[in-house]
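Numbering (my numbering), first residue to last: 16 to 122.
For every residue, glycine included, the Cβ atom is placed at its ideal position computed from N, Cα and C.
Quick caveat, the model's predicted, so the values are computed rather than measured.
One structure is given here, and the rest of the page talks about it.
The following block contains the structure:
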């Protein structure tokens, strides 16, 4: 995984590992779909949008996309539906490049 700031790599790893099981299942299906279309089980590109209130991770593969939002509750991630853009405050966006090994833990 490559990002501009290494702290964002830690946030992304934590988001992927701490996601609820239903979200992990959806990500697994998106990875399988990408494997079927491209012969690699990876979502190659992504964006991490850092908000004052939380984090929004967007993963993009070939013809498939996955996203997840988590609020930061004193160091614990709480996964919720992403609020409307006018209710949250964007600080910055970091682009991400992934490799297949980043998704090995997702069944």
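For residue i, three-class secondary structure by DSSP
{"i": "residue 38", "result": "helix"}
{"i": "residue 118", "result": "helix"}
{"i": "residue 86", "result": "strand"}
{"i": "residue 78", "result": "coil"}
{"i": "residue 64", "result": "strand"}
{"i": "residue 95", "result": "strand"}
{"i": "residue 53", "result": "helix"}
{"i": "residue 44", "result": "helix"}
{"i": "residue 73", "result": "strand"}
{"i": "residue 102", "result": "helix"}
Residue i classed as buried or exposed, judged by whether at least 16 other C-beta atoms fall within 10 angstroms
{"i": "residue 89", "result": "exposed"}
{"i": "residue 42", "result": "buried"}
{"i": "residue 8", "result": "Not covered by the structure: residue 8. The range shown for the chain is 16 to 122."}
Cβ-Cβ distance between residue i and residue j below 7 Å
{"i": "residue 95", "j": "residue 64", "result": "no"}
{"i": "residue 104", "j": "residue 67", "result": "yes"}
{"i": "residue 62", "j": "residue 121", "result": "no"}
Rounded separation between residue i and residue j - CA only
{"i": "residue 18", "j": "residue 24", "result": "6 Å"}
{"i": "residue 83", "j": "residue 110", "result": "15 Å"}
{"i": "residue 87", "j": "residue 74", "result": "20 Å"}
{"i": "residue 26", "j": "residue 34", "result": "12 Å"}
{"i": "residue 71", "j": "residue 85", "result": "7 Å"}
{"i": "residue 28", "j": "residue 118", "result": "10 Å"}
{"i": "residue 69", "j": "residue 52", "result": "32 Å"}
{"i": "residue 59", "j": "residue 80", "result": "10 Å"}
{"i": "residue 56", "j": "residue 114", "result": "9 Å"}
Any chain D beta carbon closer than 7 Å to residue i
{"i": "residue 106", "result": "The structure shown has no chain D; it contains just one protein chain."}
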